[in-house]
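Contents: one structure, followed by commentary.
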Amino acid sequence: MITEIDKNFLHLACIVSKLSPDDSVKNGAILTIDDIMIGRAWNDFPGKTKIVLHPKGLKRERICHAEIRVVSKAAKFGFSTQGSTLYASWAACSNCSKYLIDFGIKRVVTLKTTFDKSSDSWRESIELGIQMFQEAGVIYELCDEEIGAQLFFRGEWISV
Ligand SMILES: [Zn+2]
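Mapping to our numbering: the sequence shown position 138 is 142, numbers consecutive.
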């Protein structure tokens, strides 16, 4: 069940997504334990590596998804990710999902709007991720309520 606290963290995920250099989709993620934030991240290039937006295929190879960045940053600074909740403005592809399972994430909360607006290939990947979450016992929830935020998704600003 989506609570007001959940919507607040989803809103925050949308705010941090604006820091992404990606010119197509800006995704933000927040990691919490017992409603305390232990990490925030957005899709970005690792460390001080170059920002490479084109060609798109090369960008995909080099960029880190927000969901993986938030758990790896939390772990880097000594926060246990076991039993945490991940909020993301768009989540989670199959590649991220398998790592989130291994990082011990217990719940993933994201937006129905971005799920619905995903391209066919991304949706296929997300659905595989959801299937893996179900197999692993990770709770996956889509928020279908307005959270009053703006998000840059598939090349345009949308209201979510
Ligand atoms: Zn991903």
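Cβ coordinates follow ideal geometry from the N, Cα and C atoms, glycine included.
>> Taking the straight line between their C-alpha atoms, what separation do you get for residue 108 and residue 85?
In response: 6 Å
> Does DSSP classify residue 27 as helix, strand or coil?
Replying inline: Coil at residue 27, not helix or strand.
>> Whole angstroms are fine: how far does the CA of residue 27 sit from the CA of residue 148?
In response: 25 Å
> Around ligand 1, which residues pass a check of Cβ closer than 6 Å to any of its heavy atoms?
Replying inline: 69, 71, 96, 97, 99 and 100
> Among the residues of its own chain, which have a CB less than 6 Å from the CB of residue 45, if the five just before and after it don't count?
Replying inline: These residues qualify, in order along the chain: 33, 70, 73, 74 and 77.
> Going by alpha carbons, who is nearest to residue 98 out of 89, 135 and 12?
Replying inline: 135
> Buried or exposed: residue 10, going by 16 or more other Cβ atoms within 10 Å of its Cβ?
Replying inline: buried
> Between residue 95 and residue 114, is the Cβ-Cβ spacing less than 8 Å?
Replying inline: Cβ atoms of residue 95 and residue 114: closer than 8 Å.
>> What would DSSP say about residue 107, mapped onto helix, strand or coil?
In response: coil
> Below 8 Å between beta carbons: does that hold for residue 29 and residue 119?
Replying inline: Judged by beta-carbon spacing, residue 119 lies beyond the 8 Å limit of residue 29, meaning their Cβ atoms are not closer than that value.
>> For residue 155 and residue 139, I'd like the C-alpha separation in whole angstroms.
In response: Rounded to the nearest angstrom, the gap between the Cα atoms of residue 155 and residue 139 is 30 Å.
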